[in-house]
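Remarks on the structure that follows.
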Amino acid sequence: MVRQFDFLVLGGGIAGLTCALEAAKHGKVAVLTKRARSEGNTVYAQGGIASVLSKEDSLERHVEDTMIAGAGLNHRDVVALTVTEGPGRLNALVSLGAEFNRRASGEFDLTREGGHSKRRIVHAGDVTGREVERALLAACDEAPIEFFEHTTAIDLILDRAQPRGKGRALGCYALREDGAIETFLGKVTVLATGGAGKVYLYTSNPDVATGDGVAMAYRAGVAIANMEFYQFHPTCLFHPEAKNFLISEALRGEGGRLKLRSTGERFMKRYDERGELAPRDIVARAIDAEIKRTGDGYVHLDMTHLGKSYLMERFPNIYARCRDFGIDIAAQPIPVVPAAHYMCGGVVVDAHGKTSVPGLYAAGEVTCTGLHGANRLASNSLLEGLVFGHRVAVESAKELQAGVPSPAPPPDWDPGHAVPSDELVVVSQNWEEIRRLMWNFVGIVRSGKRLARARRRLDMLREEIRQYYWDYRVTRDVVELRNIADVAHLIVECATRRKESRGLHYTLDYPDVDDHNWLHDTVIQREP
Ligand code: FAD
Ligand code: SIN
């Protein structure tokens, strides 16, 4: 079956929905989501959205904080435009009905997180993402937008009549819930497929985060950058039954103290004068080092000095979830460990979200806009989704209005000789192996030797997965496995190329920053 739209948006998180809402003013829009339409990283966001909304703050300070966290690799022009457009985009979200905590005066109740020199995080309790996703979906329901849930984009379709690398993006092949593979065409196609936390064994991300957009774009010959900068959130709950529960950075922002499990010592000042409020890369590395040094397995985040009523009111979700796991955060410290959290690199886009392939745009966590540099500042991601989701819609609408070529329709999906699999164990085995090897060899602290080990294993696994992919009928598990393998490959390649330590990329072989040779992005592009 072939379906035709003006705007084909892959992803229903903050970036995809923001884009879809604006695009719906200009044409026929489809939004594809891999599972239920609200499922993605957005809905789990806790801390909030960074934006300059107080008189004590300034755009310049937000720019500087972002540049400092990003270890100077950020593109200053993109940082400036994102920060400047932030308050307007935030207010547009409020106009759609999103409700954030306010003080008695009516002003936003701004919280603080690591790396921010001022209070500038707008939040809805400790479930900001849930409120954002609710408000955006409610607005989408009032707009002419067609949703296709449980629909997994497999690969982009490019116009093959054009020379290699010049062909326009025409849409994608997508796997429906009933196993059918349909052709979705868009005059423009927008990747808003989010991150790839599932590449690592331990992650704060939900199951959908398998880096599909980056992998599809890479296979299509789109430029990808800075994949070595995978952000590890310092504090995920350490509990055998908690699969991926985040303990928000806002807890440290409001006074939470990191302590060693065995001695109770506060250790952060030994690593950075900003203590618990140092940027994330520093805090995650410090915790990792202390866990390895002491053999403790985890560290403690102590909130007990802040009092029960405050904690229950300010962090109701975290309080309740920890209680479910038998931890009363008002009476005992929270056991925490770092886990893979955010993909700072991704599909290279310009300031309007355009990729290197005509007709293909991207927004949100899937992209590398230049905003985050070598390490994302807390709560700058929802901000980026809002700003770039909107920019992509505006720019692509202009392109549509100017008139886009109408190439010959692409062929239907060809299943070849694929048969149903009788060896599903290959999928589960390889899935586990990739995630474990990425955790062990390409984690918070790297070395050339570890990266070479990871690369050798990945080469073998990717070949096996490639064979399996062509031999057997496509399922969502296989699509995701192929994608995490490709994303793992990109992380290892970028990490291997960067011969210095900067931001989130720390290697024992080159422990220092090398501004002379490495103050630039790591770009990878495959021959399409
Ligand atoms: P997502 O919200 O992840 O949406 C991706 C969408 O793409 C989903 O709809 C998914 O179904 C769809 N998709 C994926 N692959 C396919 C495919 N093959 N076919 C079709 N659809 C597909 N950031 C902040 O700024 N502040 C915070 O407080 C904050 N807290 C966080 C807490 C947690 C626990 C996590 C995990 C992240 C947090 N982040 C936070 C990061 C932030 O939530 C994400 O970076 C952001 O929400 C990403 O939005 P997105 O629209 O790019 O992608
Ligand atoms: C958090 O609440 O700690 C997450 C914030 C973020 O990832 O930006």
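Letter by letter, the sequence shown follows residues 2 to 529 of our numbering.
All residues carry an ideal CB built from backbone N, CA and C; glycine is no exception.
Computed from a predicted model, the values in this text were never measured in an experiment.
N- and C-terminal bounds of the alpha helix (DSSP H) containing residue i
i, result
"D472", "G449 to D472"
"H391", "N381 to A403"
"E481", "R477 to R498"
"I283", "R281 to T295"
"A37", "Premise fails: A37 is in no alpha helix (DSSP H) and is neither H nor E."
"E65", "L60 to A70"
"I435", "V426 to F442"
"D156", "Per DSSP, D156 belongs to no alpha helix (DSSP H); it is in the beta strand (DSSP E), T153 to L159."
"Y320", "P317 to D325"
"G130", "T129 to D142"
"V80", "R77 to S96"
"V215", "D213 to R220"
"H517", "D516 to W519"
Exposure label - residue i; buried when at least 16 CB within 10 Å
i, result
"E291", "buried"
"N441", "exposed"
"D515", "exposed"
"D329", "exposed"
"V420", "exposed"
"R436", "buried"
"Y311", "exposed"
"N227", "buried"
"T264", "exposed"
"M304", "buried"
"S205", "buried"
"G180", "exposed"
"S429", "exposed"
"K35", "buried"
"D522", "buried"
"V128", "buried"
"A453", "exposed"
"V3", "exposed"
"E178", "exposed"
"D460", "exposed"
"H306", "exposed"
"K399", "exposed"
"A25", "buried"
Candidates the options: closest to residue i by CA position
i, options, result
"S448", "E494, E86, S263 and G212", "E494"
"R103", "G126, S118, E86 and P88", "G126"
"D289", "V348, H301, N318 and V338", "V338"
"F8", "I15, M2, A21 and K244", "A21"
"P1", "L509, D160, S422 and A331", "Because the chain here runs from 2 to 529, residue 1 falls outside it and cannot be looked at."
"W432", "L505, L138, I485 and G98", "I485"
"S52", "R120, A162 and M439", "R120"
"H234", "V44, N376 and W471", "N376"
"H517", "R527, V524, R503 and V189", "R503"
"Y470", "G196, R451 and H418", "H418"
"A99", "E132, D78 and A70", "E132"
"D472", "Y201, S397, G41 and V427", "V427"
"H353", "A331, A105, F389 and A379", "F389"
"L482", "L278, L520 and I155", "I155"
"K167", "V223, L186, E183 and V215", "V223"
Integer-rounded CB distance, given that residue j should sit under 8 Å from residue i
i, j, result
"K260", "P334", "7 Å"
"Y511", "K500", "5 Å"
"G296", "T19", "With a Cβ gap of about 46 Å, G296 and T19 do not count as contacting."
"Y299", "P336", "5 Å"
"L171", "V123", "About 39 Å separates the two Cβ atoms, so there is no contact after all."
"G17", "V32", "6 Å"
"H342", "G198", "6 Å"
"G14", "G365", "6 Å"
"R477", "L176", "6 Å"
"R281", "A379", "7 Å"
"F246", "R322", "6 Å"
Residue span of the beta strand (DSSP E) that contains residue i, given as start and end
i, result
"Y231", "Y231 to L238"
"D7", "V3 to L11"
"I15", "No beta strand (DSSP E) contains I15, which is instead part of the alpha helix (DSSP H) from I15 to A24."
"D179", "Segment: none, D179 is in no beta strand (DSSP E) and carries neither H nor E."
"G257", "Where G257 is concerned, there is no enclosing beta strand (DSSP E), given that its DSSP letter is neither H nor E."
"L361", "L361 to A363"
"M344", "I335 to M344"
_Using only Cβ atoms and a threshold of 5 Å, which residues come within that distance of a heavy atom of ligand 2? Order them by chain position._
Going by the Cβ distance cut-off, the answer is Q47, G48, S249, E250, A379 and S380.
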